[in-house]
Amino acid sequence: MEGILIQDLELKRQLFVCYTCRLCTNLCPFFPKLYETFKDNLSFDDYFNLADLCYQCKICYHICPYKDPHPYKIDIPKLLLNVKALKVKKKGLSLEDRLLGRIYLESNFPPNLINFLNERRIFRKFLDEFFGISKDRILPKFSKKTFKRIYQERRKKTSENKLALFYTCYVNLHEPDLGLKALEILENCGFEVILPEQKCCGMPLLDGGDLENFKEFMLFNIKALKNLKIPIVTLSPTCHYVLTKDYPPFQEIYYITDFLLRLKEKGKLNMSFKELDKSIAYHAPCHLRASNLVSRSLQLLKLIPKVKVKVIEACSGMDGTWGLKKKYFPLSLKIGEKLVSKIGKEDLVVSDCPLSSLQIKQILKVNPLHPIEVLYNASL
Numbered sequence: 016m017e018g019i020l021i022q023d024l025e026l027k028r029q030l031f032v033c034y035t036c037r038l039c040t041n042l043c044p045f046f047p048k049l050y051e052t053f054k055d056n057l058s059f060d061d062y063f064n065l066a067d068l069c070y071q072c073k074i075c076y077h078i079c080p081y082k083d084p085h086p087y088k089i090d091i092p093k094l095l096l097n098v099k100a101l102k103v104k105k106k107g108l109s110l111e112d113r114l115l116g117r118i119y120l121e122s123n124f125p126p127n128l129i130n131f132l133n134e135r136r137i138f139r140k141f142l143d144e145f146f147g148i149s150k151d152r153i154l155p156k157f158s159k160k161t162f163k164r165i166y167q168e169r170r171k172k173t174s175e176n177k178l179a180l181f182y183t184c185y186v187n188l189h190e191p192d193l194g195l196k197a198l199e200i201l202e203n204c205g206f207e208v209i210l211p212e213q214k215c216c217g218m219p220l221l222d223g224g225d226l227e228n229f230k231e232f233m234l235f236n237i238k239a240l241k242n243l244k245i246p247i248v249t250l251s252p253t254c255h256y257v258l259t260k261d262y263p264p265f266q267e268i269y270y271i272t273d274f275l276l277r278l279k280e281k282g283k284l285n286m287s288f289k290e291l292d293k294s295i296a297y298h299a300p301c302h303l304r305a306s307n308l309v310s311r312s313l314q315l316l317k318l319i320p321k322v323k324v325k326v327i328e329a330c331s332g333m334d335g336t337w338g339l340k341k342k343y344f345p346l347s348l349k350i351g352e353k354l355v356s357k358i359g360k361e362d363l364v365v366s367d368c369p370l371s372s373l374q375i376k377q378i379l380k381v382n383p384l385h386p387i388e389v390l391y392n393a394s395l
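The number in our numbering is simply the position in the sequence shown, starting from 1, with 15 added.
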């Protein structure tokens with residue numbers, strides 16, 4: 016994906032189609048604002064302000080009746096991403112987007128020090144005041160050891176059947192236990208799991224319109240992954256979406272639950288489950304919905320005997336780095352509360368998306384599980 020200079024006429028053409036259609040009214044804050052402010056003489060600052068309300072969930076594109084191959088070729092997320100890139104070109108990258116775009120790069124700072132600082136109100140006020148990161152947003156803790164380091168220290172299982180794991184920044188820095196559970200499941204299914212060289216998929220950079228650095232990350236990952244000639248499995252719906260939709264086609268890439276269900280369909284899923292007489296509120300994240308993969312996670316969970324699953328298709332309002340920003344934190348919570356209101360008295364809350372889980376934790380004070388964790392805990 017390359018940043019292109021969007022002409023005013025093209026902006027008006029696509030936005031006018033949306034303005035007259037209104038199918039996406041309830042999807043995100045961008046559309047109500049568009050309907051309220053759209054006019055012929057919008058300035059580029061007006062466009063910039065509109066684009067800031069798009070957090071690239073991709074759901075509007077997923078349901079749009081006018082996307083390619085329709086002759087209108089509407090793609091609002093891509094259009095607004097390029098508006099953000101134009102803003103960066105004209106005004107430079109803001110401090111908050113500069114920091115948030117690199118928030119999941121491995122740091123030389125000790126994780127205990129980062130956790131200590133993040134728990135101090137004075138430091139959070141500093142981030143709030145100077146970098147625009149809300150002092151009230153719960154931040155994930157950094158693990159003492161990264162997933163990559165734990166993987167390097169553990170005894171590896173060898174096999175002729177190999178796959179590559181795109182383990183994601185979040186798992187690497189915050190949730191290595193999730194990575195280890197996925198690793199054990201894949202090894203039990205007969206695979207030798209390798210960790211190829213990889214960088215952040217680049218989604219935090221896209222959030223800020225930093226297409227130049229996104230392209231650098233994209234080219235690094237494509238070079239590292241394209242010649243592996245083995246399946247590539249991801250642990251995050253967002254990373255999967257970026258690798259398969261925002262990158263040019265370069266390799267077959269699977270989301271973890273889709274990959275495991277494919278094994279099941281071939282009779283190769285080496286897992287059996289004990290009864291789990293519990294109810295699950297399953298949150299279907301936006302990027303998983305946009306990839307048409309919600310049913311794969313759902314079918315996998317339903318392999319567990321006696322489990323009852325209620326599906327909730329609603330945006331969490333966290334949306335990558337957007338929900339971390341001070342200026343959008345109240346609106347982010349308002350969106351998230353609509354999701355949380357649909358969670359009843361189920362025994363477990365489950366979501367594939369770690370940042371959605373962070374939002375649910377902030378509002379509901381529970382720790383959602385990933386489907387892989389539920390499967391692992393229920394396995395015999």
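Don't be surprised by glycine CBs; every beta carbon is placed ideally from N, CA and C.
With a cutoff of 8 Å on beta-carbon distance, isoleucine 245 and lysine 177 are scored as near each other. For valine 389, the closest C-alpha among the options Glu290, Gly359, Ala305 and Leu308 is that of Glu290.
Residues Pro369 of the same chain have their beta carbon placed closer than 6 Å to that of tyrosine 185, with the five preceding and five following residues left out of the count. Here the stretch 260-272 lies against the stretch 306-314, with 3 or more beta-carbon pairs under 8 Å apart. Contact annotation, glutamate 361 with lysine 325: C-beta distance approximately 6 Å; criterion of less than 8 Å satisfied. Take serine 372, set aside five residues on each side of it, and the residues of its chain with a beta-carbon closer than 6 Å to its own are Ser366 and Pro383, in chain order. When DSSP states are grouped into helix, strand and coil, isoleucine 268 belongs to the strand group. Around the beta carbon of proline 320, fewer than 16 other beta carbons sit within 10 angstroms, so the residue counts as exposed. A contact is defined here as three or more CB-CB pairs under 8 Å, and the stretch 58-68 meets this definition with respect to the stretch 89-101. Rounded to whole angstroms, the gap between the alpha carbons of cysteine 75 and glutamate 199 is 36 Å. Per DSSP, lysine 289 lies in no beta strand (DSSP E) and is assigned neither H nor E.
About 12 Å separates the CB atoms of leucine 250 and leucine 210; that is not less than 8 Å, and the two are not in contact.
In chain order, Ala296, Tyr297, His298, Ala299, Leu354, Lys357 and Ile358 place their CB closer than 8 Å to the CB of isoleucine 327, counting only its own chain and leaving out the 5 sequence neighbours on each side.
The continuous alpha helix (DSSP H) containing alanine 305 extends over residues 301-305. With contacts defined as CB atoms closer than 8 Å, isoleucine 148 and leucine 276 fail to qualify as a contacting pair.
The beta carbons of proline 126 and phenylalanine 146 sit about 20 Å from each other, so the pair does not count as a contact at 8 Å.
Along the stretch 100-172, the alpha helix (DSSP H) occurs as fully enclosed runs of 4 or more residues at 110-115, 126-133, 136-146 and 162-168, listed in sequence order. For the alpha helix (DSSP H) assignment, the uninterrupted runs of no fewer than 4 residues enclosed by the stretch 189-274 are, from N- to C-terminal side, 191-203, 218-222, 226-240 and 252-256. Arginine 152 has its alpha-carbon roughly 36 Å from the corresponding atom of valine 32. Counting only residues of its own chain and dropping the five nearest sequence neighbours on each side, leucine 201 has a CB closer than 6 Å to the CB of Val208.
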